[in-house]
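Residue numbers (this note's numbering): 31 to 559. Note that beta-carbon positions come from the ideal geometry of N, C-alpha and C, so glycine has one too. These numbers were taken from a predicted model, which means no experiment stands behind them.
In structure tokens:
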């Protein structure tokens, strides 16, 4: 049998130490709990026991109460023996830390919770920011004031109102929800959810939001707006518009101060006065200078009730003309365009809205009905009451496809064409004129007529050469069809480029290496779809 010897003196010492430690812990905790300062009555003309309120004292006239770092001034108040509560009435003024001032008709203050509820004509002043409302709950621990019965915050430049709001004083931030309206002499804003930094004066918003400045209206459902500079970053269904222009995209960055902007993702810029649209995935613009540069699937559209022109290039640039309200559109590299009555391509192009003038540079080619027109430089002018004009400079060449693979041809130095109702009506050739066309007796082809003259005037009817006038005696001959050699069927420089012809508005993005077109049917497939 074994025995265990217990060291009673050592055990007793450990037990005594544990009890002493718990006693010290309890005493310290109790001491901390008791460190909470009581509400002090600094001043009152009259102090009396509350008649209808148990354990309460009523203070009357010129009341001053102190609690920790808070001073409260009022006309009358109740204080309570069992708590740090104060019910203050009449011209209540709470001063916290010399920087924050709260004014109201009455305030219910709970010192144990560091919480105050201010009622009637409430005004909270924090440095240069003032909050007005009818009822305000103010958590002094978190330094947050909040209301749900309409309120207003005003600083040196901005005023913001809402049905519900929270003011985070330590973060210099106010959060407004429900019927939010903000304004200054520079803008107005309507939203359902926004945050405002009272130090930077930047607004952050969520949900449908409309901002109006002196020039534009901005809309987005996510983003921010700098009320000082007018700078904005708009996301989620953003748009910027005024009476004459509209901009939409996936994201829009905008600076009203210098007019700079950047738009990305399905960008659409519309000019209502000039009935033009610029589209692309990336657009840099300046509102002040009225310039825009579009890249990445860039498209220019000139629309009307009758028809619309769709033009694509690697880069599109729009700048104001010298005439007020008119623009110049420049297209660079790989230009292709489509309209139901005319299609074309070139390396670069300029369009003047003032007189509907189009200038095509570097290997321009135009197709209209069965005609192909090419030159070193082409200029088109659209008139409202007169036939449209087409000027072809240097190495001008017109090819008109007829039946059974035959081609009428006109060649010369310079040409001027006149278009009526979308159809080529007349051509004047100036210098080194050459023609090659199939002569007809009624509908039957009797031969191939070849003629040369320095100046030639040609009239078309139903897409065919109907009459030719030579200003000088032509040199030429009519050769029967059966006696023609293949080499005699074309003029020098002949090149039928029908495979390059845009056949629809979607076709303006096509590159020659990516598509093939059946030559025989190409002119019949031109459509606006």
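For residue j and residue i, believed in contact at Cβ under 8 Å, the rounded distance
{"i": "residue 478", "j": "residue 514", "result": "6 Å"}
{"i": "residue 521", "j": "residue 464", "result": "6 Å"}
{"i": "residue 305", "j": "residue 332", "result": "7 Å"}
{"i": "residue 281", "j": "residue 260", "result": "Residue 281 to residue 260, Cβ: 17 Å. No contact."}
{"i": "residue 219", "j": "residue 183", "result": "That pair is no contact at about 13 Å."}
{"i": "residue 159", "j": "residue 133", "result": "With 8 Å as the limit, residue 159 and residue 133 do not qualify as a contact, their Cβ atoms being about 14 Å apart."}
{"i": "residue 164", "j": "residue 150", "result": "6 Å"}
{"i": "residue 456", "j": "residue 448", "result": "4 Å"}
Run of the beta strand (DSSP E) containing residue i, from where it starts to where it stops
{"i": "residue 350", "result": "345 to 350"}
{"i": "residue 397", "result": "395 to 398"}
{"i": "residue 417", "result": "No beta strand (DSSP E) holds residue 417; DSSP gives it neither H nor E."}
{"i": "residue 279", "result": "Counting along the chain, residue 279 falls outside any beta strand (DSSP E), and DSSP gives it neither H nor E."}
{"i": "residue 222", "result": "217 to 227"}
{"i": "residue 170", "result": "Where residue 170 is concerned, there is no enclosing beta strand (DSSP E), given that its DSSP letter is neither H nor E."}
{"i": "residue 329", "result": "329 to 333"}
{"i": "residue 486", "result": "474 to 491"}
Alpha-carbon spacing of residue i relative to residue j, whole angstroms
{"i": "residue 58", "j": "residue 68", "result": "With a pLDDT of only 41 at residue 58, under 50, the local geometry of the prediction cannot be trusted, and the value read off the model is given with reservation. Whole-angstrom Cα-Cα distance: 19 Å."}
{"i": "residue 339", "j": "residue 359", "result": "13 Å"}
{"i": "residue 425", "j": "residue 253", "result": "55 Å"}
{"i": "residue 95", "j": "residue 86", "result": "15 Å"}
{"i": "residue 187", "j": "residue 199", "result": "18 Å"}
{"i": "residue 215", "j": "residue 255", "result": "15 Å"}
{"i": "residue 51", "j": "residue 71", "result": "Low confidence applies to residue 51: its pLDDT is 43, below 50, so where it sits in the model is not reliable enough to give any reading."}
{"i": "residue 189", "j": "residue 176", "result": "17 Å"}
{"i": "residue 429", "j": "residue 444", "result": "15 Å"}
{"i": "residue 92", "j": "residue 118", "result": "12 Å"}
{"i": "residue 503", "j": "residue 476", "result": "22 Å"}
{"i": "residue 156", "j": "residue 228", "result": "10 Å"}
{"i": "residue 60", "j": "residue 171", "result": "Summary for residue 60: the model assigns pLDDT 41, below 50, so the residue's position carries little reliability; its value from the coordinates is reported in the next sentence. When rounded, the distance between both Cα atoms is 21 Å."}
{"i": "residue 141", "j": "residue 223", "result": "32 Å"}
Beta carbon of residue i nearer than 7 Å to that of residue j
{"i": "residue 127", "j": "residue 99", "result": "yes"}
{"i": "residue 21", "j": "residue 174", "result": "Given a span of 31 to 559 for the chain in the structure shown, any question on residue 21 remains unanswerable."}
{"i": "residue 257", "j": "residue 250", "result": "no"}
{"i": "residue 330", "j": "residue 353", "result": "no"}
{"i": "residue 226", "j": "residue 262", "result": "no"}
{"i": "residue 343", "j": "residue 364", "result": "yes"}
{"i": "residue 500", "j": "residue 486", "result": "yes"}
{"i": "residue 411", "j": "residue 399", "result": "no"}
{"i": "residue 350", "j": "residue 320", "result": "yes"}
{"i": "residue 439", "j": "residue 403", "result": "no"}
{"i": "residue 90", "j": "residue 106", "result": "yes"}
{"i": "residue 506", "j": "residue 480", "result": "yes"}
{"i": "residue 193", "j": "residue 208", "result": "yes"}
Of the residues the options, the one placed nearest residue i, counting alpha carbons only
{"i": "residue 147", "options": "219, 404, 156 and 178", "result": "178"}
{"i": "residue 327", "options": "345, 336, 524 and 230", "result": "345"}
{"i": "residue 312", "options": "277, 301, 341 and 287", "result": "277"}
{"i": "residue 494", "options": "433, 528 and 534", "result": "433"}
{"i": "residue 101", "options": "91, 131, 518 and 108", "result": "131"}
{"i": "residue 273", "options": "246, 285, 279 and 265", "result": "246"}
{"i": "residue 123", "options": "314, 491 and 135", "result": "135"}
{"i": "residue 376", "options": "538, 483 and 435", "result": "538"}
{"i": "residue 461", "options": "378, 446, 451 and 518", "result": "446"}
{"i": "residue 565", "options": "121, 283 and 79", "result": "This structure leaves residue 565 out entirely; the chain is present only between 31 and 559."}
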